[in-house]
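Read in order, the letters of the first sequence are residues 934 to 1356 in this note's numbering.
Read through the structure below, which is laid out as structure tokens, and then see the notes.
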Amino acid sequence: MIDPALLRENPEAIKASQRARQADDAIVDQALAADIAWRKAQVNFESLRAEQNAHSKLIGSASKEDRPALLEVAQQLAANVKAAEAGANEAQAALDALMWQIENVVIEGVPAGGEDDYVVLREVGTKKSFEFEPRDHVALGELLDIIDIERGVKISGSRFYFLKGWGARLELALMNLALDLATKADFTPLITPTLVRPEVMAGTGFLGAHADEIYYLPADDLYLTGTSEVALAGYHRDEIIDLASGPVRYAGWSTCYRREAGSAGKDTRGITRVHQFNKLEMFSYCAPEDAEAEHLRLLDLEEQMLQACELSYRVIDTAAGDLGSSAARKYDSEAWVPTQGVYRELTSSSNCTTFQARRLNVRYRREDGKTATAATLNGTLATTRWLVAILETHQQADGSVRVPAALRPYLGGIELIEPKARA
RNA sequence: GGAGACGUCGCAUAGCCCGGUCGAGUGCGCCUCACUGCUAAUGAGGUAGGGAUCUUAAAGUCCCUCGGAGGUUCAAAUCCUCUCGUCUCCGCCA
């Protein structure tokens, strides 16, 4: 949720942001009007309630003779209060409904426009070219016997797979490398629940636009999370956290589940887009004034990870219209996938400023002793999808795959995954 | 899954049976001050959050919050219903 104080003080800034996102800006004026109506109703209710409270106190200390008359007045007061309270609640509900619809205010400098209006911040590494016909990761997975898609489909349906042998170990190696990197950078490892209650799902904003992307278990009224961000953001819900010694950082490791409802026919080959995968996610809570620096820090770690995997990639500053509703800025890094001839998103890092934390009621104590809403940020450090880029980029003519040096310690030191290899 | 007990201001608890004097007592912790050569001890005071309103600001005034949501009542920590959670015992456990 956006800051109500900003709505009152500078509605124009919010309107400009909505326009940059190609979203409705008229809603800002509607919210402003609803805010005024709510405050009026609130004052009305509170003054009547004050009157009632004062009167009720009298009754408590009144003599037996005086009571009947006082009670009669009190009943009338109670009726008034009830009506005024209902009015105030209604006004608040109307205001809330509008406030939920306003998206986070984008940070100055974020490119305006839609999906294709991103700005490329940099390209790192050279796009890999081969002197032979490169195999895609599906072919490599079969040849090396490390990805078994056929049996994944047999067991669970399309977009499921088995990672096998060195494939399974490669994923764990990737996750562990990421976890080590994050731990060194002050992130506390956290293995998170992947089933959450409805209010947590709603609180993190995923039940809105992403609702049909989410697996739901009606028998237990629980949702399967598509990212550990859900649990990480909910972790400090309704708490006042200590940020006196700097940001609080977590590295969340979880399996992620996505229905991919809207992507039928897209990326059907291989493990680029699957229903279940593993992800190591960074999540930071910090003071709002530190958020932009923290965002760059997350991005830097992501790039370190990409470089450790010896991938070529580019970093883009996502356009306003392509941001999630809670993000104020988003940097994606995309790795070059040789057989597809395109950059594919491997990491995504969002600065949610105070938008997400306000809804979740995560606060911190400022130096002046007052409480304020914290800022939250998140970013990807590794996912199963990375295997696609790693396998394809480091393949050799015979189909073997060279293991990036940084991953070797996690794979018993092997340098090459070979066709005949068995774990 | 069955039975029972319990969720109160950082922690531990009192209050609930018998509704008003309870936004709430006590101990511990923490903060400030005093005393003390230092520490300890002792004494005094302070110590939740949110919102509205007012003001340049500070302060003030008012409203809400005793796990959560409803209800009864002039009035709810206290009575009723539902719900979430914790603990104990029994059962079950690929």
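Cβ atoms here follow ideal geometry from the backbone N, Cα and C, with glycine treated the same way.
Everything numeric in this text was worked out from a predicted model, so none of it was measured.
- Linking residue 1234 to residue 1309 through their CA atoms gives a straight-line distance of about 17 Å.
- Contact annotation: residue 1272 and residue 1291 have beta-carbon atoms that are not nearer than 8 Å.
- Residue range 1082-1089 is occupied by the alpha helix (DSSP H) that includes residue 1082.
- Rounded to the nearest whole angstrom, the C-alpha separation of residue 1093 and residue 1105 is 18 Å.
- Counting along the chain, residue 1296 sits inside the beta strand (DSSP E) bounded by residues 1296-1298.
- Under the DSSP assignment, residue 1115 falls in the alpha helix (DSSP H) whose first and last residues are 1099-1117.
- Cα atoms of residue 1004 and residue 982: separation of roughly 16 Å, rounded to the nearest angstrom.
- Distances from the CA of residue 1181 to each of 1189, 1231, 1202 were compared; the closest alpha carbon is that of 1231.
- In the assembly as shown, residue 1202 is an exposed residue. Its beta-carbon has fewer than 16 other beta-carbons within 10 Å.
- In the DSSP assignment, residue 1134 is bridged to no other residue.
- Looking at the DSSP output, residue 1013 sits in no beta bridge, so it has no partner there.
- Shown here for residue 1270: same chain residues with a beta carbon closer than 7 Å to its own, the five before and five after excluded, namely 1277, 1321, 1322, 1325 in chain order.
- The residues 1260, 1263, 1311, in chain order, have a CB closer than 6 Å to that of residue 1283 in the same chain once the five nearest residues on each side in sequence are set aside.
- Residue 1172 has its alpha-carbon roughly 30 Å from the corresponding atom of residue 973.
- When DSSP states are grouped into helix, strand and coil, residue 1060 belongs to the coil group.
- In the displayed model, residue 1288 falls within a helix according to three-state DSSP.
- Between residue 1256 and residue 1167, the gap from beta carbon to beta carbon reaches 8 Å or more.
- The DSSP-derived three-state label of residue 1326 is helix.
- Going by beta carbons, residue 1123 and residue 1332 fall outside the 8 Å limit.
- Shortest Cα-Cα distance from residue 988 to any of 967, 1091, 1011, 997 involves 1011.
- In this model, residue 1227 and residue 1219 are separated by some 8 Å (Cα to Cα).
- By DSSP's assignment, residue 985 forms no beta bridge with any residue.
- Excluding the 5 residues flanking it on each side, residue 1313 has same chain C-beta neighbours closer than 8 Å at 1212, 1213, 1214, 1215, 1235, 1279, 1280, 1281, 1282, in chain order.
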